[in-house]
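Here my numbering is used: position 176 in the sequence shown is 848, and no number is missing along the way. Virtual Cβ for every residue (Gly too), placed ideally from N, Cα, C. Here the structure is a predicted model, which means the values were calculated and not measured. Working notes for the structure below.
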Amino acid sequence: MSELAFAKSFLSALDARPVKLRPDYVHEPETPRAPYLLPRLQPPRPEMPKKTRTPAAPGSSKSISITLKSARNPVLEFTIPNAPLATTTISDLKDAVRERTLETGSENKVALDKIKILYKRKPVTGTGKTVGEILTDAGEGTEKEVEFGVMVMGGARVADGEGQKQEDAGGGETTVKPAVGPSGEEVLVTEQFWDDLQGYLMQRLKDEELAKKLRVVFGDAWAATR
């Protein structure tokens, strides 16, 4: 066997074996391996595909009456009847609350990220989830009415002329009623206040047990000052 044939066979045998390095292997500083960089994408860059929502045929989507209620800061309650169950999202509910509230001490609308929607006293995550998906995840059927809680971070006030409203999604007449409810220390003695506080803590801390513990701590501290 010639030296060339031997070298080729030896290299072929080495090429078939997996490359394994010792745990303490270190590259020689005189011959560092240059990192491989992917080439930069040249313009024009392809645009991200846009999500399109296919509109449902009139009358094909089930409707539901949605009540949005905030017990404090601000005291607000209104109903949106005939809301499409399959297309009404949490973002739509936040927009409805934003149209009726203003920041405390200013005429600016409340930022959407400060508005939290609660279902069964627990914050609903995500803004693209529909009301139908929320009811399905909760194991409930398609009821004719559903109530969502509202929490505005940092507080807010009801816009002038707003109160307890009922509006038709198709543009029907709007009925305005004055918003009523407890305020001040009357709110602190209600279970709903402490449930809302626990829901907020659970959302921020992402720890249900710690949120329950802090609820008890805050409740005992407030009771001790009475």
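Continuous beta strand (DSSP E) assignments of at least 3 residues falling wholly in the region 761-844: 787-791, 817-824, 836-838
With the cut-off set at 8 Å, would you say residue 822 and residue 742 are in Cβ contact? yes
May I ask you to report which of helix, strand or coil DSSP gives residue 681? helix
For the beta strand (DSSP E) containing residue 751, list its first residue and its last residue. 748-756
Which residue from 826, 764, 770, 816 puts its Cα closest to that of residue 798? 764
Can you list, in chain order, the residues of its chain with a C-beta nearer than 7 Å to that of residue 802? Leave out the 5 residues immediately preceding and following it. 758, 759, 760, 761
Take residue 891 as the anchor and find which of 795, 860, 681, 701 has the nearest alpha-carbon. 860
Could you pull the start and end residues of the alpha helix (DSSP H) that residue 722 belongs to? First-last for residue 722: undefined, no H or E at that position.
Run through the DSSP bridge pairs and tell me what residue 735 is partnered with. 756
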